[in-house]
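Asker: Let me give you the structure first, and then I'll get to my questions.
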Amino acid sequence: AGEYEQGLAILNQAVWEADEHGLDHIRLALYRQLVFLLGYHLSRFDEAEWFANAAQRLGQRLEASAADQARLLLNQAAIADRRGKYDDALELGQAAIAMRAQAGLPRDSRHALALGYLGNALYNLGRYEEALGPYREAKDLTEARLGTVHPSTAGSYENIGNALRGAGVPASGEAGAAL
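Quick note on the working numbering: the sequence shown kicks off at 9 and runs consecutively.
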């Protein structure tokens, strides 16, 4: 956790500097990074939640873009998943995807990430067959952008395989066809 603690110190200093100079949009971006670092990498959930709430308040005051709001929701979904709060992760993931769609944001790597979080929440809730849809869509987006041999694409295939196993699909040619 040493490098994450070092990153935390750097981010905290940057927040202080942004605050001193009235750079609220930069502070908002830093808050989002703090939410993810504290909650996902350091498992300091209460602090992550504080920064998430602060980011939401600041985002509302600044009338932050849908992209910024969706990124914060994705961070919160990842943290809820790490915390084992899968219903919350599902709700946050769905909200992020809906916000992205409503704002007309592209179906890019961030969208694939949101779909992955949504699939993870469904998988962790034991809803394996439902997880397949978001996992497959994330795989298609990832594969189209990064190719078939990229580690992120491999991770997408692994997610699909795990969901198929959870759903009871036999590990035969049938599973390969299901991908």
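Think of the CB as a built atom: it goes at the ideal place given N, C-alpha and C, for glycine as much as any other residue.
Which of the three DSSP states, helix, strand or coil, is assigned to R65?
Answerer: Helix, per DSSP.
Asker: Does I18 pass the burial test, meaning 16 or more other C-beta atoms within 10 Å, or should it be called exposed?
Answerer: By the 10 Å Cβ count, I18 comes out exposed.
Asker: Does the segment 89 to 99 come within contact of the segment 109 to 124, defined as at least 3 CB pairs closer than 8 Å?
Answerer: The segment 89 to 99, when compared against the segment 109 to 124, does not touch it at the 8 Å Cβ threshold.
Asker: Secondary structure at V23, three-state DSSP: helix, strand or coil?
Answerer: Of the three classes helix, strand and coil, the one that applies to V23 here is helix, per DSSP.
Asker: What does the alpha-carbon distance come out to for the pair A75 and G10?
Answerer: Cα to Cα, A75 sits roughly 31 Å from G10.
Asker: Quick check on the DSSP output: the alpha helix (DSSP H) that includes K147 runs from which residue to which?
Answerer: Where K147 is concerned, the enclosing alpha helix (DSSP H) stretches over 136 to 154.
Asker: What residue range is occupied by the uninterrupted alpha helix (DSSP H) comprising E71?
Answerer: No alpha helix (DSSP H) contains E71, which DSSP labels as neither H nor E.
Asker: Given L100, which residues of its chain have a CB within under 7 Å of its CB, disregarding the five upstream and five downstream residues?
Answerer: Excluding sequence neighbours, L100 sits near L81, Q84, A85, A88.
Asker: Who are the near neighbours of L70 in its chain, counting only those whose CB is closer than 7 Å to its CB and skipping five residues on each side?
Answerer: These residues qualify, in order along the chain: D32, H33, L36.
Asker: Taking the CB atoms as reference points, tell me whether A56 and V43 lie closer together than 8 Å.
Answerer: It is a contact, given that the beta carbons lie within the stated cut-off.
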